[in-house]
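Note that this note's numbering gives residue 99 to position 91 of the sequence shown, counting from 1, and the numbers run on in steps of one.
All C-beta atoms, glycine included, are put in the ideal place defined by N, C-alpha and C.
Take a look at the structure below.
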Amino acid sequence: MTKIGVLGLQGSFAEHMAAIEKCGAQAIDIRNSRQLADIDGLIIPGGESTAIAKLTGDNPDPIFDTIKKLVGQGLPVYGTCMGSIFLAKEIEGSQQGRLACMDIKVRRNAFGPQRNSFETSIKIDSLGLEPFPAVFIRAPIMVSVGPEVEVLAKVEEGIVMARQKNLLVTAFHPEITDDLRVHRYFLSIVESQKDLRGAGRQVGFDTVVDCHPV
9 MTKIGVLGLQ
19 GSFAEHMAAI
29 EKCGAQAIDI
39 RNSRQLADID
49 GLIIPGGEST
59 AIAKLTGDNP
69 DPIFDTIKKL
79 VGQGLPVYGT
89 CMGSIFLAKE
99 IEGSQQGRLA
109 CMDIKVRRNA
119 FGPQRNSFET
129 SIKIDSLGLE
139 PFPAVFIRAP
149 IMVSVGPEVE
159 VLAKVEEGIV
169 MARQKNLLVT
179 AFHPEITDDL
189 RVHRYFLSIV
199 ESQKDLRGAG
209 RQVGFDTVVD
219 CHPV
């Protein structure tokens with residue numbers, strides 16, 4: 009069975025785990041670097057980006073260094089909301105700690121404070137014709153992306169879903185809806201990388217992301 013780790017240090021990890029289980033995969037609550045050795049993909053959930061950034065310096069366990077290494081080896085990683093900020097190469101107006109693996113520039117709290125949270129239907133061609141019920145909670149947007157990044161969804165304010173090779177990000181929270189299509193899409197990325205990684209072969213440069221120094 010496909011094993012998907014969900015970073016359980018904070019945020020909506022329980023909801024992601026429930027969604028993954030509904031998709032027929034095994035969800036694993038990830039709390040330390042040792043657990044990362046036995047997963048096929050990783051989800052970094054929404055939460056408070058400055059809090060998770062502080063953990064990059066305060067956590068004695070090398071979990072974040074290990075994640076960066078695994079991304080370079082082809083591990084599929086999906087970041088929602090805060091997770092997209094944490095994966096971003098650049099954060100507008102901030103130098104906070106992050107993985108800096110994906111060639112995107114993000115703007116935090118692009119829609120205002122939490123009281124301005126909202127749900128809207130958005131078109132995501134990769135998920136089919138039916139609009140997706142996207143929930144935005146203190147959400148970021150992607151203000152620019154690199155040439156290797158595929159834009160998957162936009163709203164008027166900017167880009168809200170994108171993929172770069174083995175990395176996927178959404179500014180919205182699919183885990184708090186009943187629609188499993190985004191999680192199934194991530195699982196399809198996991199399966200496409202799983203054969204390469206599981207066979208122990210060198211993953212081609214064109215299929216994985218190099219993390220940037222911060």
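Which residues does DSSP pair with residue i in a beta bridge?
i, result
"Ser102", "Ile99"
Check whether the Cβ atoms of residue i and residue j sit closer than 8 Å, and answer yes or no.
i, j, result
"Cys89", "Ala179", "yes"
"Val190", "Ile149", "no"
"Leu15", "Leu50", "yes"
"Ala170", "Ile112", "yes"
"Leu160", "Ser129", "no"
"Phe2", "Ile52", "The chain is shown only over 9 to 222; residue 2 falls outside these bounds and no answer can be derived."
"Thr185", "Val143", "yes"
"Leu107", "Cys219", "yes"
"His181", "Gly54", "yes"
Taking just the CA atoms, how far does residue j sit from residue i?
i, j, result
"Asp37", "Ile75", "15 Å"
"Ile28", "Pro70", "25 Å"
"Phe21", "Asn117", "20 Å"
"Asn124", "Arg192", "28 Å"
"Ser92", "Val177", "5 Å"
"Phe126", "Leu195", "26 Å"
"Pro139", "Ile132", "7 Å"
"Cys109", "Leu137", "30 Å"
Please go through the same chain and pick out, in chain order, the residues whose beta-carbon is closer than 7 Å to the beta-carbon of residue i, but skip the five residues on each side of it.
i, result
"Gln122", "Ile145 and Arg146"
"Ala35", "Ile12, Val14, Met25, Ile28 and Glu29"
Hey, could you find the ends of the alpha helix (DSSP H) residue i is sitting in?
i, result
"Thr128", "Looking at the DSSP string, Thr128 is not in any alpha helix (DSSP H); the run it does join, the beta strand (DSSP E), is Phe126 to Ile130."
"Ala22", "Phe21 to Lys30"
"Asp73", "Ile71 to Gly80"
Please go through the same chain and pick out, in chain order, the residues whose beta-carbon is closer than 8 Å to the beta-carbon of residue i, but skip the five residues on each side of it.
i, result
"Asn174", "Val79, Gly82, Leu83, Pro84, Val85, Ile197, Gln201, Thr215, Val216 and Val217"
"Ser102", "Arg116"
For the beta strand (DSSP E) containing residue i, name the first residue and the last one.
i, result
"Phe144", "Phe140 to Phe144"
"Ile51", "Gly49 to Ile52"
"Thr178", "Leu175 to Thr178"
Please list, in chain order, all residues of the same chain as residue i whose beta carbon is under 6 Å from its beta carbon, the five residues on each side excluded.
i, result
"Asp48", "Thr10, Lys11, Val198 and Lys202"
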